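Right, one structure below, let's go through it.
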Amino acid sequence: MSGAGVLRRPVLKAFARSRQRPVRRQIAPFHRFRLFVDEYLLWHFAPTGERLKPLRQEIAAQTEQMEGLGDPDLVRLCRQPLRAEDLLKPGAGAERIAAVLEVIRRETGLRLRANQIECAVLLLNGDCVELRTGEGKTLSAALAALAAASVGVSTHVVTVNDYLAERDHDLIAPLAARIGLSSAVVLQSDADADKRSAYDCDIVYGTNKTFVFDHLRDKREQHQQGERALLRQTGQALAIVDEVDSVLIDDATVPMILSEPAELPPEVDVVLFRNLIAFARALVPGQERVLDSHGNWRLTKAGIAHLEEVAPQWRHPLARTADVIELAELALTATFGFLEGVAYILREGEVVMVDQATGRLMPDRKWDYGLQQMIEIVAGVEVTAETRTVGHITQQTYFRQYRILSGLTGTAHECRAEFWAIFKLAVKPVAPHAPSRMVNHGLRLFRRADAKWRAVAERAVTMAKDRSVLIGVNDVSETNALVAVFQDMGREVAVLNALSEAQEAELVAQAGQAGRITIATHLAGRGTDIALDAEVRAAGGLHVIIASVMASARLERQLHGRAARQGDPGSYDRMISLEDRGLSEGAFSLLRHSVTWLLRRRILPRFSLAKIHADRDRRARSLRRKTLLREQDMRRRLGYK
Amino acid sequence: MSSLRHPDWHLLGDQRFRRRAAIETSHQMFRGEAFVVLSDRITGHHLRLSERAQDLWRLFDGRLTMNEIWDRLMRRPAIAPSQGELVDWVMQLVGAGLILSDHALDPVLLSERGHKRRAQSIEQRLASPLAIKIKLGDPRWLVRLSYPLVRPLFSRFGGVLVLATFLLALTLALLNWGEVTVAADQTLLSQSGLLMLALAYPVMKLLHELSHCYALHRFGGQVREFGVMLLLFFPVPYVEASDASALPDKRARMLVGAAGILSEMLISSVALILWLQVEPGVERAVLFNFVLIGSVSTLLFNGNPLLKFDAYFVLSDWLEMPNLAKRAGEYLQDLYLSRVAGLRPELNLHPGEAGILGTYGILSLGYRLLLTLTIAYMISGWFFVFGVLLAIWATLMSMIWPLAKLFRKGHRMAKTQNRTRSGWIRQALFLGGIGAALTLVPLPFSAKGQGRIVPLPGAEITAATSGVIGRDLLVDGAAAVAGQEVTRLQNPAQTARRQALEINLTALEDELSRSGADVAQRLRLEREREVALTALQQASEQEAALSIPAPLDGRISWQGGQPPPAGSYVYRGDRLGYVIAPEALQISAAFPAAFSGRITAEAQLVMLLPNGQEIRRPVDRARVVDIGQQVPPELLVSTGGPVPEQADRPGMALDSRLILWAAPEGDLSNWAGARVEARVDLGQASAFSQLLFHVERLFLRVTRL
């Protein structure tokens, strides 16, 4: 509660390899309201990076001297013992970082720019670095990871996909080997023994999901086997999270669930499900069941009265509670809402879910316990067992466990408050080495979606005469709509859809060729640089069209941030239609609905769009906060591991 | 996730819980339902388990995992709990430390749990700054040592004895009622009495708390904590007697709860009996203080079940409804949400409970609101800024916050029941209706003040000249006719002066009538005669003024109720009395100046005469007297009116007032000089605007200070 507590930061301490002491950065329960204060006020007073200025100056000075050193001396300098907390002090710490810089220069021939060094220092300090895309974040992260590992801190470098983890690790592996550090990449698909040996390395690369799931499995095994369990991870000391906004904001509340199939569905529940289905079928439509505004079947008052009559005879604990109403509505959904051939198909006596957005089959996924079983009863196939949740964590909870958490991204500006409130991550913008040459061509508003797609296609074709064009959309259905328009025009486009990450990255990397049009979602090929052809650069660089209403301004920035990198020229424009899903979807909010109303009348379109984004962000933020508090609350009340 | 599975079940699923040692169980019946109460001998905490949860309690043997327990319970699905209920029970038991897991304790989380408990208690204190508990110690040794002294009282014979004492004291009090009330007035109205009261109070309260301990001791329980609670910053001792909730017999629980009241009543009964026998002196005064505290504090506080003091617990034990107040609150909430917002009710009540909960809930809610507002109002009268802050805080915590919680809960419920829109519409209609009634329905609006019925200035009997009062005075109340002499002053010097002037005039005229004077001399004499004539005329007038006539027809009302004693000297201008005549009376009344803006031309002044008769007259004229301005003398406190005057400037107003005058109708001469309650009708205004006006008035006063 005290003011001093706000600014107290953990310093880097050499207890990195501890299995026993994962330090939790949890919110003290008394300060539930602290979150609000942090989010709305205190983040303005987050410590600045001024403290590190002498260190950076000294690193610059030391770098000169290192060039004359022989290789063995340099390696010795990198290996000599140093207390981890001294790494950020001018003196020995500067010498160490300069030595690592020199190793990088000799191995790769690249001399890191001042802003990259600043970025690495901030990462070691446990900050969130905001650096424009294309400024060499990968190498900065490598520098920070090598420096931290060289003083004995186990370092996890977190990326958003396996392809990037492997690519970045390939860059760092020779460097680490040269200093005598071990490094590895952990993939989701690796065998357990491989994972254990990989986690024992000084520097570990992997995706967020890999780290979280391995943690969940470790905990599960620890519970089951106690002391005999052979854990994978060695604790959580320092995490350098690449694309930190994607991990800690976009995917923060996505629950990571470790589940095991149970033997058989309990007979009691199955009997209840059959009763519920029979009840649902017996209801009079319109009188006892109606469709609500969201298109879900609901019981009317008469329906509830009917249920109250029938339910007490069912032998189930929920039959006498109000929860049975919710279950009955679930049964309505299973019976009348989800239709065979639309929501699912039957294959070999099994229900297979169909993704509503893409129309693809999803054989591995199941609905929640209850709904899945009722659908199976309706479809007349054998009732499957539930998959029991045995471990559950969200990414934000996992990453809060790290003693020092630092992040890298091009778009953190919008989430400064949240990063500080929840993760105590101060967002530090680092200036790019060259000024931006981005041109904004403005916003165009269309009434109908098909008119918009046509306009987008024409615009893309016009711009692609001597430049290259990237079109950003939200999801697969929008991609398909746009691709159809291009097909009508007989124009070849590259589509990033249902491809592996490596293929995506390859396509994105080629997107800089002249005359090329690429359609991508904001996530596709993240972390990949779009290299421009010389002629394209001369003609004005990459042009980005944001062709739909995105969920947040941050996502738009991520998209148009792909243009005008590293001092290149570039431009973008936004084209949206009033029929975009981003405008019509979402729970009711007075602000959003009123500004959408303005937008529909073409009043202050830019302002309205910004407000819609802000409102969505606010909602998502409060959801994340609630999830976090709830998740921690239960654990805290229980008190057992 | 549906309610079939609790989302956090995975945290519990593979844990094996076992019952901790040193936990005692006792069986109790509440409204025909069996409960088991678990009492932790170490922490002194108690937990009540329903019949269904008892099955679960028996299964916590440290061998079964929660998953196995769940499977076993589900073998009897008709009476099994839902997973949500199960998790709730387990969390309660874990939270109370009654069951232990085979899993390792997480020290971080455990320390946070302690932290949270502390934080909660701090939050609680912040939430109710008017009731702060300070823990002082463990009274067990004292109770153990001194219990033999009171043991006889906890027997059948002791009970009869106590009852007999009550009856005797009650009879004596009724027989000596007059004496008792006089003594009570003396104690409450004198400073020394109040001081002694303050000294006797802690003794009485300590005995009160001790008797709770004794009663609990009698039935086998123990009190582990005593301390002081700051109720409204006034220290009141308390004991932590939650052990009583483990007593199986409800009569025993009731006796523990009532022990304090009974002991106070016993002490005051004995004190009353002694007080009637003892000779006056210090001892007698002290005894009476005990009588007073024992009876008054019992009746006002401890004996009132609407506050959470002793009688509340006795009542809830008697009704077999623990947590009566909380449940009553929940019931009212549920009632509002189901009846007004049209949501599905959440509570399942046993037959007969609804009536009790509803009645108790409404009564206690009303009483608490009234008490809070009264206390806040009183404090704001004493220390303004602090009091207003306190009042705002109390209103926030006791009214706004619960309402906000209610609406939030309603919104959540409506959302899950898909009745958000209809719920809000219904609530909006309901609240809108109440709001409209408050803001639109006009209610009579009036200002209260005090006034007097006084004679008009023209009815005064005044001494027009100085003199000595003569003998033949009319008696007070005697009828007089206008011009009739009511008294005659004697002023020999005046008479002598007139006679001297007459002689002088005669001498001058005599001199003028003679011949032989020259012109200049004659002129001087004539001038002298003129002067003498004028002087004589004045002297004659003054002498004539020695006879004081009645100014009007009416009855004489002497100043002070009787005629001035003969031979007393009055100065010119002294007021001797009035002639009371029905047509020569006026009504004047003083009101707070804030009402001045609301007086309309047809405003009516209503006076309540001491005999209960109401007279209603149109206002003749009105005037605002500001601070420091002169107040009509008949309204000053010093003359028997309602308006206080400044100490150093008599006759000047201490605060600003609105003065109204009205002419009487009919014969009010019987009430001349009387001070009466006055009210002025200000037309009609809605309840809301009246409230707004009074709040504005409150703050207007401050800004002027």
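Line by line, the protein sequences give chains P and F. Just so it is clear: in the first sequence, position 515 is 515 by the UniProt record's numbering, and no numbers are missing. Just so it is clear: in the second sequence, position 650 is 650 by the UniProt record's numbering, and no numbers are missing. Just so you know, even glycine gets a beta-carbon here, dropped at the ideal spot from N, CA and C. Just so it is clear, the structure is predicted and the values come from calculations on it, not from any experiment.
Just checking: is the beta-carbon of residue 19(F) within a distance shorter than 8 Å of some beta-carbon in chain P? Counted from its first residue, the second sequence places residue 19(F) at position 19. It does not: the Cβ of residue 19(F) has no partner Cβ on chain P nearer than 8 Å.
Going straight from the alpha carbon of residue 165(F) to that of residue 268(F), what length do you get? Reading the second sequence from its first residue, position 165 is the one you call residue 165(F). Reading the second sequence from its first residue, position 268 is the one you call residue 268(F). Rounded to the nearest angstrom, the two C-alpha atoms are 10 Å apart.
For residue 502(F) and residue 559(F), I'd like the C-alpha separation in whole angstroms. Position 502 of the second sequence, counted from the start, is the residue given in the question as residue 502(F). Position 559 of the second sequence, counted from the start, is the residue given in the question as residue 559(F). Going by the C-alpha atoms only, they are around 36 Å apart.
Rounding to the nearest angstrom, what Cα-Cα distance links residue 551(F) and residue 664(F) in this structure? Taking the first residue of the second sequence as 1, we reach residue 551(F) at position 551. Taking the first residue of the second sequence as 1, we reach residue 664(F) at position 664. About 19 Å.
By the criterion of Cβ-Cβ separation under 9 Å, what are the contact partners of residue 609(P) in chain F? Translated into the one-based positions of the first sequence, residue 609(P) becomes position 609. Within 9 Å Cβ-Cβ: nothing; residue 609(P) doesn't reach chain F, min ~27 Å.
Does the beta carbon of residue 326(P) come closer than 8 Å to any beta carbon on chain F? Taking the first sequence and counting its residues from 1, the one referred to as residue 326(P) is at position 326. For residue 326(P), the answer is yes, since a Cβ of chain F falls inside 8 Å of its Cβ.
Would you kindly work out how many angstroms separate the C-alpha atoms of residue 273(F) and residue 310(F), rounded to a whole number? Here residue 273(F) is taken as the residue at index 273 of the second sequence, counted from 1. Here residue 310(F) is taken as the residue at index 310 of the second sequence, counted from 1. Going by the C-alpha atoms only, they are around 26 Å apart.
Assign residue 440(P) to one of three DSSP states: helix, strand, or coil. Looking up residue 440(P) in the first sequence gives position 440. Looking at residue 440(P) - three-state DSSP - the assignment turns out to be strand.
Is it true that the CB of residue 54(P) sits closer than 8 Å to the CB of residue 81(P)? If you number the first sequence from 1, residue 81(P) lands on position 81. If you number the first sequence from 1, residue 54(P) lands on position 54. No; because the gap between Cβ atoms is not below 8 Å, this pair is not in contact.
Collapsed DSSP secondary structure at residue 20(P) in the structure displayed: Within the first sequence, the letter at position 20 stands for residue 20(P). Low local confidence applies: a pLDDT of 30 at residue 20(P) is under 50, so the model's placement there is unreliable, with the coordinate-based value given in what follows. Reduced to three states, the DSSP call for residue 20(P) is coil.
Interface partners of residue 637(F) on chain P, CB under 8 Å: Counting from one through the second sequence, the residue named residue 637(F) turns up at place 637. Under the 8 Å cutoff, chain P gives no residues; its nearest Cβ is about 53 Å from residue 637(F).
Residue 140(P) versus residue 195(P): straight-line alpha-carbon distance, rounded: Taking the first sequence and counting its residues from 1, the one referred to as residue 140(P) is at position 140. Taking the first sequence and counting its residues from 1, the one referred to as residue 195(P) is at position 195. Rounded to whole angstroms, residue 140(P) to residue 195(P) spans 26 Å at the Cα level.
Applying the 10 Å Cβ sphere with the 16-neighbour rule, what's the burial state of residue 636(P)? Sequence index remark: in the first sequence, residue 636(P) carries index 636 (1-based). Burial call: buried.
Give the C-beta separation of residue 582(P) and residue 551(P) to the nearest angstrom, bearing in mind that I take them to be a contact with Cβ-Cβ under 8 Å. Start at 1 with the first residue of the first sequence, and residue 582(P) comes out as number 582. Start at 1 with the first residue of the first sequence, and residue 551(P) comes out as number 551. Rounded, the Cβ-Cβ distance is 6 Å, consistent with contact.
Give the single residue among 435(P), 399(P), 597(P), 540(P) whose Cα lies nearest to the Cα of residue 246(P). For the purposes of this step, residue 246(P) is identified with residue 246 of the first sequence, where counting begins at 1. Considering only alpha carbons, the answer is 399(P).
Rounded straight-line distance, which links the Cα of residue 449(P) to that of residue 578(P): As a working note, residue 578(P) is residue 578 in the first sequence. As a working note, residue 449(P) is residue 449 in the first sequence. Near 7 Å, if we compare the C-alpha coordinates of residue 449(P) and residue 578(P).
Distance between residue 323(F) and residue 33(F) (C-alpha atoms, nearest Å): As a working note, residue 33(F) is residue 33 in the second sequence. As a working note, residue 323(F) is residue 323 in the second sequence. Roughly 16 Å between the two C-alpha positions.
For residue 51(P), write down the residues that DSSP places opposite it in a beta bridge. On the first sequence, residue 51(P) is found 51 positions in, with the first residue counted as 1. Answer is none; residue 51(P) lacks a bridge partner.
Along chain F, in chain order, which residues have C-beta atoms closer than 9 Å to that of residue 268(P)? Translated into the one-based positions of the first sequence, residue 268(P) becomes position 268. By Cβ distance, chain F contributes 74, 75, 77, 80.
Chain P contact residues for residue 66(F), given Cβ-Cβ distances below 7 Å: Your numbering for residue 66(F) matches position 66 in the second sequence. Here the premise fails: no neighbours, minimum Cβ distance about 11 Å.
Could I get the ranges of all uninterrupted alpha helix (DSSP H) runs contained in the region 54 to 136 of chain P, with 4 residues as the minimum, in chain order? 71 to 79, 92 to 108, 114 to 124
Simplified DSSP state of residue 564(F), which is helix, strand or coil: As a working note, residue 564(F) is residue 564 in the second sequence. If DSSP states are grouped into helix, strand and coil, residue 564(F) belongs with coil.
Output, in chain order, the set of chain F residues within a Cβ distance shorter than 7 Å of residue 218(P). By 1-based counting over the first sequence, the position of residue 218(P) is 218. In chain order: nothing, as chain F lies at least about 14 Å away.
Terminal residues of the continuous beta strand (DSSP E) containing residue 544(P)? On the first sequence, position 544 is the one that residue 544(P) refers to. Where residue 544(P) is concerned, the enclosing beta strand (DSSP E) stretches over 542 to 546.
Spatial distance of residue 532(F) from residue 525(F) (CA atoms): Within the second sequence, the letter at position 532 stands for residue 532(F). Within the second sequence, the letter at position 525 stands for residue 525(F). One C-alpha to the other measures close to 10 Å.
So which of 165(P), 366(P), 249(P), 70(P) has the shortest CA-CA distance to residue 345(P)? In the first sequence, the residue the question calls residue 345(P) occupies position 345. Ranking 165(P), 366(P), 249(P), 70(P) by Cα distance to residue 345(P) puts 366(P) first.
Whole angstroms is fine: what's the gap from residue 706(F)'s alpha carbon to residue 391(F)'s? Within the shown structure, residues of chain F are numbered from 1 to 705, placing residue 706(F) beyond reach of any answer.
Partners in chain B for residue 185(F), counting only beta-carbon separations shorter than 7 Å: Annotation note: the requested chain B is absent from the structure, which comprises protein chains P and F.
Going straight from the alpha carbon of residue 93(F) to that of residue 20(F), what length do you get? If you number the second sequence from 1, residue 93(F) lands on position 93. If you number the second sequence from 1, residue 20(F) lands on position 20. Their backbone Cα atoms lie some 10 Å apart in a straight line.
Quick one: grab the DSSP three-state call for residue 569(F). As a first step, residue 569(F) must be located in the second sequence, where it is residue number 569. It is a strand residue.
Between which two residues does the alpha helix (DSSP H) holding residue 360(F) run? Position 360 of the second sequence, counted from the first residue, corresponds to residue 360(F). It spans 353 to 382 - the alpha helix (DSSP H) in which residue 360(F) sits, taken as one unbroken run.
Beta-carbon spacing of residue 262(P), residue 158(P) below 8 Å: Along the first sequence, one-based indexing puts residue 262(P) at 262. Along the first sequence, one-based indexing puts residue 158(P) at 158. Cβ atoms of residue 262(P) and residue 158(P): not closer than 8 Å.
For the 8 Å Cβ check, are there 3 or more pairs between the region 407 to 424 of chain F and the region 636 to 644 of chain F? no
Which value, in whole angstroms, describes the spacing of the CA atoms of residue 367(F) and residue 173(F)? The residue given as residue 367(F) occupies position 367 in the second sequence. The residue given as residue 173(F) occupies position 173 in the second sequence. Taking the straight line from one Cα to the other gives about 30 Å.
From what residue to what residue does the alpha helix (DSSP H) around residue 709(F) run? Only positions 1 to 705 of chain F appear in this structure, which leaves residue 709(F) out of reach.
Would you verify that the beta carbon of residue 323(F) is, or is not, closer than 8 Å to some beta carbon of chain P? To locate residue 323(F), count along the second sequence from 1; it is residue 323. No, residue 323(F) lies away from the interface with chain P (no Cβ there is under 8 Å from its Cβ).
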